[in-house]
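Protein chains: 2
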Amino acid sequence: MKIIEGGVTAPIGFKAADFAAGIKYQGRTDMAMVYSDVPCECAGTFTTNQVKAACVMWDKKIVESGSKMQAVVINSGIANACTGQEGFDACEATAKAVEKELGVPYDTVAVASTGVIGMQLPVDKLVNGVAGMAGILSHDKEAGTKASKAIMTTDTINKEYALTFEVGGKTVTVGGMSKGSGMIHPNMCTMLGFITTDLSIDKTLMQQALSSVVKDTFNMITVDGDTSTNDTLLLMANGLAGNDTITSKNEDYDKFYEALFTICRFLARKMAGDGEGASKLFEAKVTGAKTKDDARTLARAIVGSNLSKAAIFGCDANFGRFLCAMGYSGAKFDQNDVELFFESKKGTLKVFDHGNPIDFDEEYAVSIMKEDEVMVVANMNEGDQEATAFGCDLTYDYVKINADYRS
Amino acid sequence: MKIIEGGVTAPIGFKAADFAAGIKYQGRTDMAMVYSDVPCECAGTFTTNQVKAACVMWDKKIVESGSKMQAVVINSGIANACTGQEGFDACEATAKAVEKELGVPYDTVAVASTGVIGMQLPVDKLVNGVAGMAGILSHDKEAGTKASKAIMTTDTINKEYALTFEVGGKTVTVGGMSKGSGMIHPNMCTMLGFITTDLSIDKTLMQQALSSVVKDTFNMITVDGDTSTNDTLLLMANGLAGNDTITSKNEDYDKFYEALFTICRFLARKMAGDGEGASKLFEAKVTGAKTKDDARTLARAIVGSNLSKAAIFGCDANFGRFLCAMGYSGAKFDQNDVELFFESKKGTLKVFDHGNPIDFDEEYAVSIMKEDEVMVVANMNEGDQEATAFGCDLTYDYVKINADYRS
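And the structure:
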């Protein structure tokens, strides 16, 4: 497996474009398209929020119907959630504009939105954007990068990644981009991710791989515990690498799984560290748990606690908050088994040992926590399962971003 | 039912005292005692966090054993949580100091703590504090007020309440005090509440009333979603009002229930509005829900969402955040049934109607939300159950309070 430069346009046959459609933002791009020269097998995972945006329902239908997918059109600024029938009509109009411009069936065109909830999309601007992008779709690396910028909301950096691996003598490429938990005049924190690959693989296996990988990557991100109405992760595979189609969970499948895991983990960590107002990446690693579910639940509870997040911001090794969050997580454990550590590239410090606080060096603790990436490690000493969750600190800027009045 | 001045010392036969024991804070009181002239029937509800403070386990044993309770000793500054055997020994030493000073059996003495987790209590200071308080226990209203101040952490106001009602020609008094979600150099947000009454009532009925009332009062508070290791609510009834003991759920029981509900609701709202860094009380009322549990779950999700709380701080009627929180709450509903309103003493504004956003007057919305007490009302239009949750806004001060380094 080799990391390469680029993003969604890295695999063979994928193009991208961006456009300043003026949907809500001015003076920046706010639409992107990812397009494959040939129809793709597709897989997806979507928000578990019952209040689903119109675009989520649109894409779920494509993924679950067994249909191919050839393009996805994304906009930032307005989320198209809580918008009734008018919202669905906007999805259809966008997809039909792609059909008109590029000749692909409208029911193979996915759509994704991120932005303010409860506001209608301006359909004329979307259609105009699709026409503009149809003319500039490009295989260039730069086109992928621009697309990754157009989908940003309050993200401070664009997020893309690509890598290659070998399958039966053929080089397979996987590329991806995502946007994190950002919010302009106010939005939902929405996670959008788009992964492209030129691998040839059976649709069912592809969905299984994606669903499994997501559990330990995207679904382990917590910025503020608010599950968006719009979360969407799409995977498109066009088969142009020329490998023999993967139809069973063999060695080639494992290679693909590892590549998918790597790209999703990279994007997940980037999104967590770039959470709203975040000043640092805050990870929690739980080891020695009885079950995988326990490990995930405990890790997510630690990075999800406002008190833990504020302590990380304040570089305060106030370990009681982490234990407290573990205690209310729902996972069963005995505090007398637990060991707790703070860890960063400065070193590792044990602060709690089998039910008892340790009298540690506060200065050393602060120096560990001042790093850009800080990890809390909890060894439950009750089994052999582990999981890592990705979050960020809670800062003044989080409040500022989310309290500013819409204008 | 009549509201009167005072708190825990309002009922006949209850005394209180406070003391500056220097446990962690300097220049203020940090210990309180509530004492009854005669042994009391007692009831209690405690944190559901698995990581329970030593004092919680101590009190649970008293309440669940069927034992009487005659005194409770409270300290602020250190929570006595995650403190191993040494923590339990501190509880016992405190109770035994009360036995020595006041001649009541040590296993009828409850203890409660709030403050930093993972730090040991200085037992000598506690014992000294008990001795100091034993000499100044007083029935005076002022003694109750002072006790309610000694248990504060970052609370900005002390919280006490008292009322009277008639049972069979006898005047019964209920008094109470509580502390909310405060945090000094950093603490857990801990909710402590102590209710006293001179009513005579069967212990089982008393516990049933308390457990039921708590569901719609204290348990509907959300400040930051972090369930403390120390949450404790104790109810002591000494029977000195002279009423015939209530032994069934008759009319007298109903009067007591209403009085208990009133005092708990008052204290809960006070605690929510005085949440860490809060600038206002933020309530969510859910009506027309299918079940009571759904109503509670939905209401708590609304006031518990960081995004909702930040919107309330920013006076932003960004209703999508409230719908989003309802969507991930776990309660099932159809967004096409929902109506959403913002309400304060300035008026009521409908913002969402059966699946569709309403084009409302933003200026009017801001004027409603600028009030000190703001309510979001969600009519689910699917049943006849309702519930109200109590919270506060998310402010810069919340982050400041919780990020400051321990010193």
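If you read the protein sequences in the order shown, they are chains A and B. The numbering of the first sequence is numbering that gives the first Met the number 0, which starts it at 0 and goes up by one. The numbering of the second sequence is numbering that gives the first Met the number 0, which starts it at 0 and goes up by one. C-beta: ideal position from N, C-alpha, C; glycine also.
Problem set entry | For cysteine 314 of chain B, three-class secondary structure by DSSP | coil
Exercise. Taking 8 Å as the CB-CB limit, is serine 75 of chain A close to chain B?
Worked result: no
Exercise. Who are the near neighbours of alanine 52 of chain A in its chain, counting only those whose CB is closer than 7 Å to its CB and skipping five residues on each side?
Worked result: Ala78, Asn79, Ala80, Ser112, Thr228 and Asn229
Exercise. How about methionine 118 of chain A: is its C-beta nearer than 8 Å to some C-beta of chain B?
Worked result: yes
Exercise. So isoleucine 194 of chain B and valine 173 of chain B are in contact, right, with Cβ under 8 Å, and what is the actual spacing, rounded?
Worked result: 6 Å
For this session: Report the three-state DSSP secondary structure of leucine 136 of chain A (helix, strand or coil).
Result: coil
For this session: Reducing DSSP to helix, strand and coil, say where threonine 93 of chain B ends up.
Result: helix
For this session: Evaluate glutamine 69 of chain A with the Cβ neighbour count: other Cβ atoms within 10 Å of its Cβ, from every protein chain shown; 16 or more gives buried, anything less gives exposed.
Result: buried
Problem set entry | Separation of threonine 221 of chain A from alanine 271 of chain A, as counted between CA atoms | 7 Å
For this session: Specify the secondary structure class of glycine 274 of chain B as computed by DSSP and reduced to three states.
Result: coil
Exercise. Does the beta-carbon of serine 328 of chain A have 16 or more other beta-carbons within 10 angstroms, so that it is buried, or is it exposed?
Worked result: buried
For this session: Under 9 Å between beta-carbons, which chain B residues line up against tyrosine 160 of chain A? List them in chain order, please.
Result: Under the 9 Å cutoff, chain B gives no residues; its nearest Cβ is about 28 Å from tyrosine 160 of chain A.
Exercise. Mind pulling the chain B residues with CB within less than 8 Å of asparagine 48 of chain A?
Worked result: Cys323, Gly326 and Tyr327
Exercise. Which first and last residues belong to the alpha helix (DSSP H) in which aspartate 292 of chain B is found?
Worked result: 291-303
Problem set entry | Stretch-stretch touch, CB-based, cutoff 8 Å, three pairs: the segment 233-252 of chain B with the segment 162-169 of chain B | yes
Exercise. What first and last residue would you give for the alpha helix (DSSP H) that runs through glycine 326 of chain A?
Worked result: 319-327
For this session: Anything in chain B within Cβ reach of alanine 80 of chain A, meaning under 7 Å, just list it in chain order.
Result: Gly319
Problem set entry | Simplified DSSP state of asparagine 335 of chain B, which is helix, strand or coil | helix
Exercise. On the three-state DSSP scale, how would you describe glycine 131 of chain A?
Worked result: helix
Exercise. Which word fits methionine 187 of chain A, buried or exposed, when buried means at least 16 other C-beta atoms lie within 10 angstroms of its C-beta?
Worked result: Its pLDDT being 39, under 50, methionine 187 of chain A is placed unreliably in this model, and the coordinates cannot settle the point.
For this session: Indicate the three-state DSSP secondary structure (helix, strand or coil) for glutamate 63 of chain A in the structure shown.
Result: helix
For this session: For alanine 386 of chain A, collect the residues of the same chain with a Cβ closer than 6 Å to its Cβ; drop the 5 residues on either side in sequence, then sort them by chain order.
Result: Val285, Ala294, Arg295 and Ala298
For this session: Go ahead and pull the three-state DSSP assignment for leucine 393 of chain B.
Result: coil
Exercise. Is the CB of glycine 313 of chain A under 8 Å away from at least one CB in chain B?
Worked result: yes
Problem set entry | Proximity winner among B:Met118, B:Phe332, B:Ser75 and B:Glu282, relative to alanine 288 of chain B (alpha-carbon distances) | B:Phe332
For this session: Give the DSSP bridge partners of glutamate 385 of chain B, in chain order.
Result: None; glutamate 385 of chain B has no bridge partner.
Exercise. Counting along the chain, where does the alpha helix (DSSP H) carrying serine 210 of chain B start and finish?
Worked result: 202-214
Exercise. Closest to methionine 151 of chain B by CA distance: which of B:Ser75, B:Asp88 and B:Gln207 is it?
Worked result: B:Ser75
Exercise. Whole-angstrom Cβ separation of leucine 209 of chain B and leucine 234 of chain B, contact assumed at under 8 Å?
Worked result: 5 Å
Exercise. Are the C-beta atoms of valine 376 of chain B and some chain A residue less than 8 Å apart?
Worked result: no
Exercise. Beta-carbon of lysine 23 of chain B versus every beta-carbon of chain A: anything under 8 Å?
Worked result: no
For this session: Can you say whether asparagine 249 of chain A is buried or exposed, counting buried as having 16 or more other CB atoms within 10 angstroms of its CB?
Result: exposed
For this session: With distances taken Cα to Cα, identify the nearest neighbour of valine 408 of chain B among A:Val122, A:Cys391, A:Val115 and A:Phe321.
Result: The structure shown has nothing for residue 408 of chain B, since chain B only spans 0 to 406.
Exercise. CA-CA distance, methionine 182 of chain A and alanine 109 of chain B?
Worked result: Reliability fails at methionine 182 of chain A, whose pLDDT of 36 lies under 50, so the model's placement of it is uncertain and the value that follows must be treated cautiously. Looking at the two C-alpha atoms, the distance is approximately 48 Å.
Exercise. Since valine 7 of chain A sits in a beta bridge, which residues does DSSP pair it with?
Worked result: Its beta-bridge partners do not exist; DSSP assigns none.
Exercise. When Cβ atoms are compared, which residues of the segment 376-401 of chain A fall closer than 7 Å to chain B?
Worked result: Leu393, Thr394, Tyr395, Val398 and Asn401
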